[in-house]
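*Asks:* The listed protein sequences correspond, in order, to chains A and B.
Residues 119 to 396 in the numbering used here are what the first sequence lists, from first letter to last.
Residues 510 to 1505 in the numbering used here are what the second sequence lists, from first letter to last.
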Amino acid sequence: MTIRVLILRAPGINRDQDAALACTLAGGTPERVHVNRVAEGAVRLADYAMLVIPGGFSYGDHLGAGRLLAVDLAHRLGEQLEQFVADGRPVIGICNGFQVLVKAGILPGPVEQPSAAHDAGATPSSASPALRRMPVTLTDNRSARFECRWVRLAAEPSSRCLLTRGLSHPIEVPVAHGEGRLVVSDPAAGASLQAQGLVALRYVGTVRGPAGYPANPNGSLDDIAGLCNPQGNVLGLMPHPENAVLPQQHPRWTREPAREEGDGLVIFRNAVQYAASL
Amino acid sequence: MPLFLVTVAPREPPPSGVSAQTLYLLGGSALEGEAVALLTDTLLHDPVVQTATWLPLTAEALAAEPRPIASSVIEIAYRPGVTDNTGEMVLEGARRLGVAGLGQARALRRYLLPPDADPEALAAQLMIELVQTRLSYRPGEAIADRLAFYQALVAPPAEARPRVARVPLRHADDDELLRISREGVLALDLAEMRAVRAHFVALGRDPTDGEIETIAQTWSEHCSHKSFKARVRYRGTAQSPLTGDSPDAALHPMLNRLAQGDVELDSLIRTFLMAATTQVLEARARQPVAGDDPDAPWVLSAFVDNAGIIAFGPDHEVSIKVETHNHPSALEPFGGANTGVGGVIRDVLGVSAEPIANLDVLCFGMPDTPAEDLQPGVLHPARVAAGVVAGVRDYGNKLGIPTVAGAVLFDPGYTANPLVYCGTVGIAPRGAHPRHVQPGDAIVVLGGRTGRDGIHGATFSSEELTHTSAATVGSAVQIGDPITEKKLLDVLLQARDRRLYSAITDCGAGGLSSAVGEMGAECGASVALERVPRKYAGLQPWEVWLSEAQERMVLAVPPQQLEAFLALCTEEDVEATAIGQFTDDGRLRVSHHGEPVVDLAMAFLHDGRPQRMLEAVWEAQEYTRTEGQGAPDAIPPLSELLLRLLAHPNIASKERIVRTYDHEVRGATVIKPLVGARMDGPGDGAVLQPLAARPEGLALGCGINPRYGKIDPYWMALAAVDEALRNVVAVGGDPGRTAILDNFCWGDPRQPDRMAGLVRAAAGCYDAAVAFGTPFISGKDSLNNEYRDSSGARVAIPPTLLISALAYVPDVRRCVTMDLKRAGSLIYLIGATGPDLAGAHVWDAGANPGAYSGPLALPRVNLATARASFAALHRAISAGLVLACHDLSEGGLAVAAAEMCIAGDLGLALDVTARDASAHPLVALFSETPSRFLVEIDPAAAPAFETIMAGVTMTRLGTVTAEPLLRIHTGETDLLALDVAALRVAWQSGLDGIEL
């Protein structure tokens, strides 16, 4: 059975080939498609079993990471994408893709929020409902720098995420971002992410307890590295599992026992298998 | 035009006393408040972390604005005409949201200052006058000034009536010719100006402004490399006492030739660099290297295309190019480095290859230079470093090209003239790069629009910098737009695979003039300038023709493919325009709405420049032993010396810089720049596995050491080739299948002493390349790296040669890293050690040469043994016998051993008497003799290792210890013993003075 995976391209997206390799190794059949093709209807999302929004700097990220591609998603792909998510098909947003999903209001999805969190300044708000319900964002790293380093990720056992199932041990993958710090507008929002099972992945150190810098590379709230939607079929994460699919991609492969594959492949395999089960 | 001001402020308090806000200036004839509100909400701020307010820009609204809590306010914006990427994206977003009426958008930064802050001092730190403008005011005041400031930012450029001017050259005398050259920033000398005059006298007319600019650009040092192609008279025979007797003439043929005394050379590039490649490839044809395919050449393109190209595997080719962007980086570090990276990436696109890795080598003044020592107009080295690193990071990361290799050097000689070397490696299917321009092909320009930016970049780089450079040639400095280049990349690779073009080149220095002039050199070209898309109105025709606006490429597209090509560009949001066609009349014809701007014979343009004649006079340096710091006659304890060496900015960890570069994107970086147990050790070379399904790899290495160049550039060149090869061999690269590149950064070649050094370095390149069997496949020179202060005194940079090496790795699974792997392993030193302390870093660490009475020599590569030694080590690594390997470079054996301990979190016990009981400890520990490595071998593998290495000078020094302690001793006497934790602290502290 062919699992067609749409890898969304856009100006400035640059890890589309990496994501395609990971999907291929996981048993999927990836196609890299420009967002313009989907927006104009030349390609239909509905013809695909899975969607990946890869990393990069969509449109340069000049207005905040992912902002403009989020506008594309909300305004040019709106109904197609809503239907795709509602159908329960797997969606993975990585790094810039995660930022895009958050800023488009797709992650963490419609969560009840106290209205005080929506004070958007003096402007009378006329944003779309998706943006208004955004309780969470990704912003500048605590270090105020772009950083590229390897981190350890643990799946949150109580998560609703369908794509991190079976991750019983921490996995090692790289991060490469400058705006990956997850913040919420008030503490209640953070608690509700956890309570509603929307935290999918956390940064962990080598000992129990808060990861601390640099194990948590960006200062994210509660060491959160990835979120899912309430249905569990949309996963967004800052780290790059697609750059940890081959044995020699690991940073210490010359000094450790040989691996058969990279740690990150399991996420893509989960997604492809889940797509096949639909 | 209605104008609105949007203020976006962070909710979080600022980390320091100064807080920053983002302002957006929005304008449009039909722009209304409702649209501004929509943009503010959906596009311009993130409500979770920011607040946003907006107001119409009127005196009343500004007066009623809530006053920010600040003592004073600074607002900074890019000057009109300078790339404002953020503003452009606001326009793009508005289009996507269907917001009509927005015509202009500019982004500004506003800084709110506490009472104790000095606005003038802060502004000087925060902005670059060349490209930015600012307004300072007290909250609530200066309303009229603010309105005028905002209006000026969005005011349309002055309409200028396009006109083609004539330059009265035919009757100009020599003084007048020189004045025309100087005042026009033409950088042409008298002989060249006379040749131009003669040409137009024969034509019976004066040149247009466009013609004289086209000639100056084509004949510029940057574009024609006239010093490297000059006739050179070289004199001087003396050898420095530091380099000893003349070595074997058979191994050093070019050194021997220079030793003849009075030598005349016709073109350094032909005599030394291209000749070396020819010699290496002929020797290889006579005696193939294992793995050579007799039917397919290994070197596919050397010194011809935009980048050098070699074969990789059966179906691919790999290209590499290294460029410099020095002058712009001195004036505007971020923009200079940013556009430098963008330029070299386009060179690789210009051979139809997909960029897969970047390398960057950066040379700065000392980070602790006192501010009062700086010449007027010179930025502080720490600021230059921070800006350059940010520029490199921004472009490479946004293009999705991993930055995997490089170096950062500091020397007082780079204070006024920093160096920024940018390199890119690319891969393409074999034979995918077309190079057959046909008359009738459309000339298509695609990518960014053309503006007034970058005028005179090619000629500006051919002059020395002065304290007024910023004022006179500021337009040569630009800000890059990486996303436009990423879109170019995406569209060009598709066009290549669909074979939609017949030739391609990048639009770099010299702009369209250079790109079209070179592509049409063999046939002819005709361009209608009015078709060139512009950023704004008001450009003169010659400015459109010469502009070096970034992110543009020029293609030759056959007429039958033009429609398909333009459609592809539209699909990917890339602007592409046919601006003319290639012809068969051998002329370069450029017009503007029918009026001729340029009409020149290609033959005159490309072959009419009189060959330069340059004098070179070599005088061997006397090396005095009184240099260095610290008390005279004192040599501090060896452990103290080692700790200070580890903290030397040239040796210290570059992790803070490397971490800001994405080295993981593309997933092919199998040996990373940072390696070891904690992933913080300094890897020697980086290794890429470009094709995930195949085990072959590419190793990248760099060699550079200007400290040797100050003594003798000949031996510097050998050391640089040796170091680049050590870096690739140490990780598993095959020295028998390694191609190299030269990049010379030098002072003014018209000064005979500078030219003599250049001759000696080029001669060294020949001798090294031939002896190692490594062909040069590409090279570049950046001359005139001098600063002339207001009193007229000139300072040249140290002679600086970067050698980059690109090596084939047969199987990446055999690669090794430099971190110690396990206690109990044996440690061998490969290569002989001499008293090679001239130019060594140990003198910077507090040891005074006056206190050392032993022999002293410049590091000299032994060409008789080095090649065989590298080949044997490569066989041992390929056989899986080596656990760790690290090359010895700056700081010698002690530094290399310390780095291996830090990276492996293990200790070492090394007995240096095992080598030479009589050697002075400074020699044993800190000599910088080339061609040496430390390797870690499992005791069980030692016999096999020693068998493979038979015939190579090699010494067993000791073992790896579980205790994290570096202990170097002679017999029972410890020379030094230091905890690895202390080594790490020292090594990681060395760049603390640079705020990244």
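Cβ atoms here follow ideal geometry from the backbone N, Cα and C, with glycine treated the same way.
Based on DSSP bridge pairs, tell me the residues matched to A:R150.
*Replies:* A:I125
*Asks:* On a Cα-Cα basis, can you pick out the residue from B:V1304, B:W1127, B:N1294 that is closest to B:I1220?
*Replies:* Minimum Cα distance to B:I1220 is reached at B:W1127.
*Asks:* For B:N835 and B:S1291, which I take to be in contact (beta-carbon distance under 8 angstroms), what is that distance rounded to the nearest angstrom?
*Replies:* 6 angstroms
*Asks:* Please list, in chain order, the chain A residues whose beta carbon lies closer than 7 angstroms to that of B:Q1198.
*Replies:* Q366
*Asks:* So is A:S310 in contact with chain B if we call contact Cβ pairs under 8 angstroms?
*Replies:* no
*Asks:* For a test of the three-state rule: what should DSSP assign to B:H1383, helix, strand or coil?
*Replies:* helix
*Asks:* Measure from the alpha carbon of B:R958 to the alpha carbon of each residue in B:A895, B:E1039, B:V808, then state which is nearest.
*Replies:* B:E1039
*Asks:* So the alpha helix (DSSP H) B:S1023 belongs to, where does it begin and stop?
*Replies:* Start and end: 1020-1028.
*Asks:* For a cutoff of 8 angstroms on Cβ pairs, would you count A:S338 as touching chain B?
*Replies:* no
*Asks:* From this set, B:I936, B:F873, B:P1261, which residue's C-alpha is nearest B:V860's C-alpha?
*Replies:* B:I936
*Asks:* Report the three-state DSSP secondary structure of B:S690 (helix, strand or coil).
*Replies:* Here B:S690 sits in helix by DSSP.
*Asks:* B:T727: which of B:V827, B:R1118, B:E1072 sits nearest, CA to CA?
*Replies:* B:R1118
*Asks:* Note down, in chain order, every chain A residue with its Cβ under 7 angstroms from the Cβ of B:L606.
*Replies:* V189, H193
*Asks:* Is DSSP giving A:A109 helix, strand or coil here?
*Replies:* An answer regarding residue 109 of chain A cannot be provided, because it is not within the stretch 119 to 396 covered by chain A.
*Asks:* So which residues on chain A does B:P529 lean against when the C-beta distance must stay under 8 angstroms?
*Replies:* Per the sequence shown, the amino acid found at residue 529 of chain B is Ala instead of Pro. None at all; the shortest Cβ gap to chain A is about 11 angstroms.
*Asks:* Is B:G620 buried or exposed, if buried means 16 or more other CB atoms sit within 10 Å of its CB?
*Replies:* Going by the sequence as given, residue 620 of chain B is Tyr instead of Gly. With 16 or more other Cβ atoms within 10 Å, it is buried.
*Asks:* Verify the CB distance criterion: does B:D1290 have a CB-CB separation below 8 angstroms to chain A?
*Replies:* no
*Asks:* Can you list the residues of chain B that A:H333 reaches, using a CB-CB cut of under 8 angstroms?
*Replies:* The amino acid at residue 333 of chain A is misidentified as His; the sequence shows Ala. By Cβ distance, chain B contributes nothing, its closest Cβ being about 12 angstroms from A:A333, past 8 angstroms.
*Asks:* State the start and end residues of the unbroken alpha helix (DSSP H) segment that holds B:T787.
*Replies:* 784-795
*Asks:* So, B:A1418 versus B:R1476, is the Cβ gap smaller than 8 angstroms?
*Replies:* yes
*Asks:* Report back the beta-carbon spacing between B:V953 and B:L1064 to the nearest angstrom; my notes put them in contact at under 8 angstroms.
*Replies:* For a cut-off of 8 angstroms, the C-beta gap from B:V953 to B:L1064 is around 5 angstroms, short enough to register as a contact.
*Asks:* Thinking B:R1369 and B:L1227 are a contact (beta carbons under 8 angstroms), I'd like their distance in whole angstroms, please.
*Replies:* 7 angstroms
*Asks:* Give a yes or no on whether 8 angstroms exceeds the smallest Cβ distance from A:N347 to chain B.
*Replies:* no
*Asks:* Within 10 angstroms of the Cβ of B:G713, are there 16 or more other Cβ atoms? Answer buried if so, exposed if not.
*Replies:* With fewer than 16 other beta carbons inside 10 angstroms of its own, B:G713 counts as exposed.
*Asks:* Excluding five sequence neighbours on each side, which residues of the same chain lie with their C-beta closer than 6 angstroms to the C-beta of B:A674?
*Replies:* D718
*Asks:* Mind checking the stretch 580-602 of chain B against chain A and listing, in chain order, the residues whose C-beta falls within less than 9 angstroms of any C-beta there?
*Replies:* N594, T595, G596, E597, M598, V599, E601, G602
*Asks:* So if I threshold CB-CB distances at 7 angstroms, which residues from the stretch 1014-1046 of chain B count as touching chain A?
*Replies:* none
*Asks:* Quick check on B:Y1170 - is its C-beta less than 8 angstroms from some C-beta in chain A?
*Replies:* yes
*Asks:* What does a CB cutoff of less than 7 angstroms around B:I1503 pick up in its chain, not counting 5 residues either side in sequence?
*Replies:* P876, A891, A894, A895
*Asks:* Can you pull the chain A neighbours of B:M1062, defined as C-beta to C-beta under 9 angstroms?
*Replies:* Chain A residues near B:M1062: none, gap ~16 angstroms exceeds 9 angstroms.
*Asks:* Have a look at B:H1172, B:D1171, B:P1182 and flag the residue whose alpha-carbon is nearest the alpha-carbon of B:S1162.
*Replies:* B:P1182
*Asks:* So with CB distances below 7 angstroms, who are the chain A contacts of B:V917?
*Replies:* By Cβ distance, chain A contributes nothing, its closest Cβ being about 17 angstroms from B:V917, past 7 angstroms.
*Asks:* Are three or more beta carbon pairs between the stretch 543-561 of chain B and the stretch 569-576 of chain B nearer than 8 angstroms?
*Replies:* no
*Asks:* Is there a C-beta anywhere in chain C that falls below 8 angstroms from the one on B:I992?
*Replies:* In the structure shown, chain C does not exist; the protein chains are A and B.
*Asks:* Give a yes or no on contact between the stretch 313-322 of chain A and the stretch 271-288 of chain A, applying the rule of three or more CB pairs nearer than 8 angstroms.
*Replies:* yes
*Asks:* Under the three-state reduction of DSSP, which class applies to B:D1290: helix, strand or coil?
*Replies:* strand
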